[in-house]
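Scroll down for the structure; my scribbles are underneath it.
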Amino acid sequence: MRISEALTRIDEIHTYLTRAEVYRGFRSWPVAFSGLAGLAASLAFAVLGQPVGSSLVWAWWMVALGCAGISGSEIAYHYCWTDDRFARAKTRRVLGQFAPCLVAGAVASFGIAHGVPRSIGLLPGLWCLFFGLGLFAARPHLPRSIGWVALYYLAVGGWLTLAAESGESFSPWRVGVPFGAGQLASALVLYWNLERRPDDV
Numbered sequence: 001m002r003i004s005e006a007l008t009r010i011d012e013i014h015t016y017l018t019r020a021e022v023y024r025g026f027r028s029w030p031v032a033f034s035g036l037a038g039l040a041a042s043l044a045f046a047v048l049g050q051p052v053g054s055s056l057v058w059a060w061w062m063v064a065l066g067c068a069g070i071s072g073s074e075i076a077y078h079y080c081w082t083d084d085r086f087a088r089a090k091t092r093r094v095l096g097q098f099a100p101c102l103v104a105g106a107v108a109s110f111g112i113a114h115g116v117p118r119s120i121g122l123l124p125g126l127w128c129l130f131f132g133l134g135l136f137a138a139r140p141h142l143p144r145s146i147g148w149v150a151l152y153y154l155a156v157g158g159w160l161t162l163a164a165e166s167g168e169s170f171s172p173w174r175v176g177v178p179f180g181a182g183q184l185a186s187a188l189v190l191y192w193n194l195e196r197r198p199d200d201v
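1 is the number of the first residue of the sequence shown in full-length UniProt numbering; add one for each residue after it.
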């Protein structure tokens with residue numbers, strides 16, 4: 001019984017320590033590449049044209065899922081192949097804190113697209129606001145500087161929401177530029193705080 005209690009205590013201590021340490025699953029290069037992919041999608045929509053109404057929302061969510069797959073590719077690899085159970089628990093905790101903003105963004109997106117399509121112009125701003133809130137929720141496990149990126153998303157999201165125009169479409173640059181810049185800034189934060197070696201300075 002004492003050995004079992006000791007092992008339980010050790011497990012609790014380890015869990016407490018992992019909550020306090022910075023999560024190192026996100027890597028700079030996939031996050032940066034996802035930002036560039038978002039900018040490329042904006043350019044493609046600007047040149048080739050983009051759909052309107054609910055089809056526009058679906059199109060941008062497909063882009064978002066693709067970018068999420070890129071930025072999370074290394075997390076998925078390590079989770080499946082190299083992480084121990086404590087590292088996997090940390091990954092689940094961090095992603096669990098970020099996930100509600102994505103769910104809220106999806107609900108708002110398709111609620112507006114199908115319920116009040118004339119308000120689709122609000123979505124770029126709302127997406128930035130939700131994403132910024134998600135970063136703030138996960139901030140305890142990320143480098144402290146990520147808070148500035150989260151604040152950027154909230155500021156840009158507020159401006160885009162206030163400047164939104166009515167209609168069933170919006171400029172593709174209202175999505176690609178804010179998120180592209182935000183992901184590139186996040187990649188810089190990750191590199192500078194987690195990956196940079198002292199001799200790189």
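All C-beta atoms in this analysis are idealised placements derived from N, C-alpha and C, irrespective of residue type, glycine included.
*Helix, strand or coil: which one does DSSP assign to residue 34?*
helix
_Tell me which residues share the same chain as residue 70 and place their Cβ nearer than 7 Å to its Cβ, disregarding the 5 neighbours each side in the sequence._
If we look at residue 70 and ignore the five residues flanking it on each side, its Cβ neighbours are 30, 33, 34 and 37.
*Looking only at its own chain, which residues have a Cβ that is under 7 Å from the Cβ of residue 109, when we skip the five neighbours before and after it?*
So the list reads 57, 61 and 123, once near-sequence residues are dropped.
*asked:* Taking the beta carbon of residue 100 as the centre, do at least 16 other beta carbons fall within 10 Å, making it buried, or is it exposed?
replied: Residue 100 comes out exposed.
*Rounded to whole angstroms, how far is the Cβ of residue 135 from the Cβ of residue 120, which I believe are closer than 8 Å?*
That pair is no contact at about 24 Å.
_Helix, strand or coil at residue 119 [DSSP, three-state]_ = strand
*Which value, in whole angstroms, describes the spacing of the CA atoms of residue 143 and residue 159?*
26 Å
_Here's the rule I'm using: 16 or more other beta-carbon atoms within 10 Å means buried, otherwise exposed. How should residue 184 be labelled?_
buried
*Is residue 167 helix, strand or coil when you go by DSSP?*
Strand.
*Under three-state DSSP, which class holds residue 26?*
coil
*beta strand (DSSP E) segments (min. 3 residues) lying fully within the stretch 138–163*: none
*asked:* Alpha carbons only, please: which of 157, 169 and 167 is nearest the one belonging to residue 177?
replied: Among 157, 169 and 167, the Cα nearest to that of residue 177 is on 157.
*asked:* Report the CB separation of residue 168 from residue 49 in whole angstroms; it is logged as a contact under 8 Å.
replied: At roughly 14 Å, the Cβ-Cβ gap does not stay under 8 Å, so residue 168 and residue 49 are not in contact.
*Is residue 49 helix, strand or coil when you go by DSSP?*
coil
*Mind checking whether residue 161 and residue 125 have CB atoms under 8 Å apart?*
Yes. Within cutoff.
*Count the other C-beta atoms from every protein chain shown that fall within 10 angstroms of the C-beta of residue 128, then say buried if there are 16 or more, exposed otherwise.*
buried
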